[in-house]
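Quick notes on the structure that follows.
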Amino acid sequence: MFLAVVGPGIITGTADNDAGGVTTYSVVGANFGYKMLWILILITVMLYVTQEMGARLGVVTGKGLGDLIREKFSINIAISLMALVFFANFSNVLANVVGIASVADIYHIPRLLFVPVFVFAVWFIILKGNFGIVQNIFMTSCLLFFCYIVNGFMAKPDIPQMISGSIFPTIEMNRNYIFTATALIGTTLTVWGQVFIQSYFVDKGIDKKHLISARMDVLFGAFWLAFVAFSIIISAAATLFVSGTGIDTAIDAATALGPALGPFAKHLFAWGLLNASLLGMCVISMSTAYFVTEIIGREGKVSTNFKEAPLFYSIIGVCFFICMMLVFIPNLPMVFIMTASQAINTFILPVVFFILLRLINDKKLMGSYVNSRTMNVIAWITIVSFVAISSIMLYLMLF
Amino acid sequence: MVYFSDMYASEILGQMIMDRTEAKIGSVKDIVLDASEQFPKMIGLLLNMEGSDKEKIILIGELNLIGRRVISSAGIKENTAFASLRNGEVLVRKDLLDKQIVDIHGSKVVRVNDLKFAKAGEEIRLIAADVGIKGILRRLNIENFVTSFLSVFGITLKDDLIGWNFVEPLKTDIAGLKLVVPYEGMSKLHPADIASIISQVHTEEKTAIFESLSTETAAEALHELEPRIQAFLIGTLDTKKALSIIEKMPPDEAADVLGDLQEEKAMELLRLMKQKKAEEIQSLLKHGEETAGGLMTTEFVTIPASFTAAQTIERLRELAPSAETIYYLYVTDDEGHLTGVLSLRNLIIAGHNTSVSEISSSKMITVKPEASQRQVADIISKYNLLAVPVVDTLNRIIGIVTVDDVVDFIIPPLARRKRMSVG
Numbered sequence: 003m004f005l006a007v008v009g010p011g012i013i014t015g016t017a018d019n020d021a022g023g024v025t026t027y028s029v030v031g032a033n034f035g036y037k038m039l040w041i042l043i044l045i046t047v048m049l050y051v052t053q054e055m056g057a058r059l060g061v062v063t064g065k066g067l068g069d070l071i072r073e074k075f076s077i078n079i080a081i082s083l084m085a086l087v088f089f090a091n092f093s094n095v096l097a098n099v100v101g102i103a104s105v106a107d108i109y110h111i112p113r114l115l116f117v118p119v120f121v122f123a124v125w126f127i128i129l130k131g132n133f134g135i136v137q138n139i140f141m142t143s144c145l146l147f148f149c150y151i152v153n154g155f156m157a158k159p160d161i162p163q164m165i166s167g168s169i170f171p172t173i174e175m176n177r178n179y180i181f182t183a184t185a186l187i188g189t190t191l192t193v194w195g196q197v198f199i200q201s202y203f204v205d206k207g208i209d210k211k212h213l214i215s216a217r218m219d220v221l222f223g224a225f226w227l228a229f230v231a232f233s234i235i236i237s238a239a240a241t242l243f244v245s246g247t248g249i250d251t252a253i254d255a256a257t258a259l260g261p262a263l264g265p266f267a268k269h270l271f272a273w274g275l276l277n278a279s280l281l282g283m284c285v286i287s288m289s290t291a292y293f294v295t296e297i298i299g300r301e302g303k304v305s306t307n308f309k310e311a312p313l314f315y316s317i318i319g320v321c322f323f324i325c326m327m328l329v330f331i332p333n334l335p336m337v338f339i340m341t342a343s344q345a346i347n348t349f350i351l352p353v354v355f356f357i358l359l360r361l362i363n364d365k366k367l368m369g370s371y372v373n374s375r376t377m378n379v380i381a382w383i384t385i386v387s388f389v390a391i392s393s394i395m396l397y398l399m400l401f
Numbered sequence: 002m003v004y005f006s007d008m009y010a011s012e013i014l015g016q017m018i019m020d021r022t023e024a025k026i027g028s029v030k031d032i033v034l035d036a037s038e039q040f041p042k043m044i045g046l047l048l049n050m051e052g053s054d055k056e057k058i059i060l061i062g063e064l065n066l067i068g069r070r071v072i073s074s075a076g077i078k079e080n081t082a083f084a085s086l087r088n089g090e091v092l093v094r095k096d097l098l099d100k101q102i103v104d105i106h107g108s109k110v111v112r113v114n115d116l117k118f119a120k121a122g123e124e125i126r127l128i129a130a131d132v133g134i135k136g137i138l139r140r141l142n143i144e145n146f147v148t149s150f151l152s153v154f155g156i157t158l159k160d161d162l163i164g165w166n167f168v169e170p171l172k173t174d175i176a177g178l179k180l181v182v183p184y185e186g187m188s189k190l191h192p193a194d195i196a197s198i199i200s201q202v203h204t205e206e207k208t209a210i211f212e213s214l215s216t217e218t219a220a221e222a223l224h225e226l227e228p229r230i231q232a233f234l235i236g237t238l239d240t241k242k243a244l245s246i247i248e249k250m251p252p253d254e255a256a257d258v259l260g261d262l263q264e265e266k267a268m269e270l271l272r273l274m275k276q277k278k279a280e281e282i283q284s285l286l287k288h289g290e291e292t293a294g295g296l297m298t299t300e301f302v303t304i305p306a307s308f309t310a311a312q313t314i315e316r317l318r319e320l321a322p323s324a325e326t327i328y329y330l331y332v333t334d335d336e337g338h339l340t341g342v343l344s345l346r347n348l349i350i351a352g353h354n355t356s357v358s359e360i361s362s363s364k365m366i367t368v369k370p371e372a373s374q375r376q377v378a379d380i381i382s383k384y385n386l387l388a389v390p391v392v393d394t395l396n397r398i399i400g401i402v403t404v405d406d407v408v409d410f411i412i413p414p415l416a417r418r419k420r421m422s423v424g
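First to last, the sequence lines map onto chains F and E. Here the first sequence is numbered in our numbering, starting from 3 and rising by one per residue. Here the second sequence is numbered in our numbering, starting from 2 and rising by one per residue.
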């Protein structure tokens, strides 16, 4: 039965390693070596705690986060959140379309040729595919992340250093270290991930009988995320950090990996980035579409066609199209866009977490599935530390 | 007697109520409805009392004006009688606004953005649910701003109202509303439309709606649903009910449903079923779902070549087969080999004593059980058939695939659903 439930957690966890994630991990490995690996343990816990609550809400109530916010909070809150989530998600989709464009740049293929092919292909799949097909494609994409793991071991990491970096926390009190560490956490805990996991469980129609399988799925997703992140960091650490090549973007990482590990590593990295960007743009734009249709009260399911759910597919289509047009603009201020999207995410996520806690402790809604006292304590610690970490990041980003 | 013209709930909620001397009584927190009639009657307003933290209900009879700017009572504050909430009464903000309802007319699940009231005779009644963008804008108090902004570009927003007689509230969301006969309106819909509604609501509601259907309707609606929803619904029903629904389905459809269930559950149902039916279904389950063998039904009529037209009609009356299997009768020899096919038309216009072999056609179009859905659909569409017989290697008829089993391949599903709801 587990196999019938599995999917949402793994897909959300893997999609967290989108273009922004891959870039951050490469930067972490190239600039700080193995020193930040221990943070991944922290991330795994935080991700599991928050995603599990989202999954439980979805499975028990059969409703998405947007539905519940609309029903349990005032319409003003619902609509304002809708606008904010739209913005935050939009900039994240853009970051992923830029990821696709970067792959075109790595191979010196014109963006105008490369990007539209993929953008239209994925929109067509989401539009025409039913739930099963779309999920299978997503799961395949999740498996393809394996190429980063191959990459990680090809790099012949320094095992003792890798282990000590994973177990012993090191904190350096300098601006650069703290900023990168907070960005690492900020890229994996996201508003869209929280929205997506809940709606996707609902769309899949998982019943509360299968809650345990759903939890395993979420747990597995959190581990897979950490494992992929781990591999990307060590591959950058074993090569770029050792040779002292500092990088800022994923393209830097791909081109720098070429001379260090041979062309095969470069291709693996580039195709991995393409895969990550495609999965990211699909999942994030679907998360937007779920949230908006739930709040407005329209049909929003993958197994429908355009006539039945016009708003759902239009939102995805419009997000894709505008982002595609934007990446054709030469000298797009990418750093600014990434920073802004992080900042918006950081502002909204605590609000979403707070709402999540309110909902999950609502006896009328959840019955016996409310949080236990221990779960609430863990959840609060997670949320408070996220707020603290992201405030530090925001401060460093702006001043 | 209260003065009132058409108004929305959002225009009433939050207003301050004054008495005759313009003293503040309280602000409107909610609207109280008597939901026992088709168009619920407004019976009072729930107030946050001015100057205290109490909530009380002021009855409609105490009021003399409910307007967009002013709501006023006929008497003075000190002499006003208040009531408390009774059983069977529904609160607009708490129970209806922002909740999901079923639009029976369009067989869609939508969200209530606002509610429209109108005066009918002496009573103020809830007449429609606003499910459109205008309702949301009105709730946010920006309707005028946005509509005048859009009018600059020549865009007008349309009202999106659903008459309350076409509204079916979701049972698990709105306790106490119209529960006397749950889903009464829905039971009048075509099973395909019911299926479309079931696929749109959340899991608990799916079960609730499905359980409220009669066995016949449930059997038909079940066939129209996606496999994973079918499996979920059958899984949640108690075995007895599940069994009676599956037994009502034609064997091919029942086999489809059982094929998607967990194996233990499917085996349990098969064991409990009438033996003949169970055997038919089991033989169908052997074939791949997407092949002629998986699509076919084992309900068809065969007649010996020696029969006359009168005997054949007599046989049909005895068997009384369901409509989908009657249009073609299959002529077989003693060993069950297919030798001819007789259309209902030819049978009816033939004379009493005409032999079946004279009026049946021996130019038969058949398919093998391994033929794909696509091939079967192409054959049915090419030869304009209503059904095509499936034969084994020895040319013995083992089932028929009817046009409705492959129509999804010929016409896309949505168009089909629309056609069915019209016709």
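The beta-carbon is built from N, C-alpha and C at its ideal position, and this holds for glycine as well. Nothing here was measured: the structure is a model prediction, and the numbers come from that model.
Using only the alpha-carbon positions, how far apart do residue i and residue j sit?
i, j, result
"E:N44", "E:I125", "According to the sequence displayed, residue 44 of chain E carries Ile and not Asn. Rounded to whole angstroms, E:I44 to E:I125 spans 8 angstroms at the Cα level."
"E:G89", "F:K366", "20 angstroms"
"E:A10", "E:M50", "19 angstroms"
"E:L66", "E:D20", "10 angstroms"
"E:V342", "E:R318", "19 angstroms"
"F:L358", "F:N178", "32 angstroms"
"E:G177", "F:I139", "Confidence at E:G177 is low in this model, with a pLDDT of 46, below 50, so the placement of that residue is unreliable and no value is reported for it."
"E:L259", "E:K287", "12 angstroms"
"F:I339", "F:S93", "7 angstroms"
"F:I169", "F:F243", "20 angstroms"
"E:K179", "F:L59", "With a pLDDT of only 44 at E:K179, under 50, the local geometry of the prediction cannot be trusted, and the value read off the model is given with reservation. Their Cα atoms are separated by approximately 28 angstroms."
"E:S85", "E:K57", "6 angstroms"
"E:L162", "E:L48", "27 angstroms"
"E:T81", "E:E63", "7 angstroms"
"E:D131", "F:L83", "22 angstroms"
"F:A85", "F:I331", "25 angstroms"
"F:P171", "F:L145", "30 angstroms"
"F:A278", "F:I151", "14 angstroms"
Terminal residues of the continuous beta strand (DSSP E) containing residue i?
i, result
"F:V62", "Looking at the DSSP string, F:V62 is not in any beta strand (DSSP E); the run it does join, the alpha helix (DSSP H), is L39 to T63."
"E:L34", "K25 to D35"
"E:N65", "L64 to I67"
"E:L386", "Counting along the chain, E:L386 falls outside any beta strand (DSSP E), and DSSP gives it neither H nor E."
"E:V342", "L339 to S344"
Would a C-beta distance cut-off of 7 angstroms place residue i and residue j closer than the cut-off?
i, j, result
"F:G299", "E:R139", "no"
"E:A255", "E:I282", "yes"
"E:L171", "E:E206", "yes"
"F:A32", "F:A238", "yes"
"E:G400", "E:T333", "no"
"F:L417", "F:A224", "No answer is possible for residue 417 of chain F: it lies beyond the span of chain F, which begins at 3 and ends at 401."
"F:V51", "F:T384", "yes"
"E:L320", "E:Y331", "no"
Terminal residues of the continuous alpha helix (DSSP H) containing residue i?
i, result
"E:M297", "No alpha helix (DSSP H) holds E:M297; DSSP gives it neither H nor E."
"E:G400", "It is not in any alpha helix (DSSP H) - E:G400 instead sits in the beta strand (DSSP E) that spans I398 to T403."
"E:E212", "T204 to S213"
"F:N363", "Taken as a continuous stretch (DSSP letters only), F:N363 belongs to no alpha helix (DSSP H), as it is neither H nor E."
"F:P312", "P312 to V329"
"E:S197", "P192 to I199"
"E:V93", "Where E:V93 is concerned, there is no enclosing alpha helix (DSSP H), given that its DSSP letter is neither H nor E."
"E:I44", "Note, E:I44: premise wrong, no alpha helix (DSSP H); beta strand (DSSP E) at K42 to M50."
The stretch 142 to 161 of chain E: positions lying closer than 7 angstroms to chain F by Cβ: none
Beta carbons nearer than 9 angstroms to chain E: which residues of the stretch 262 to 276 of chain F have them? none
Considering only residues of the stretch 104 to 147 of chain E, which uninterrupted alpha helix (DSSP H) runs meet the minimum length of 4 residues and lie entirely inside it, listed in chain order? 134 to 140
Check each residue of the stretch 190 to 215 of chain E: if its Cβ is closer than 7 angstroms to any Cβ of chain F, include it; give the result in chain order. Q201, H203, T204 and E205
Residues of the stretch 204 to 215 of chain F whose Cβ lies closer than 9 angstroms to any Cβ of chain E, in chain order: V204, K206, G207, I208, D209, K210 and K211
Mind checking the stretch 75 to 88 of chain F against chain E and listing, in chain order, the residues whose C-beta falls within less than 7 angstroms of any C-beta there? I77, N78 and I81
Return the residues of the stretch 52 to 66 of chain F that lie within a Cβ-Cβ distance of less than 8 angstroms from chain E, sorted by chain order. T63, G64 and K65
Residues of the stretch 215 to 245 of chain E with Cβ closer than 7 angstroms to any Cβ of chain F, in chain order: E227, R229, I230 and F233
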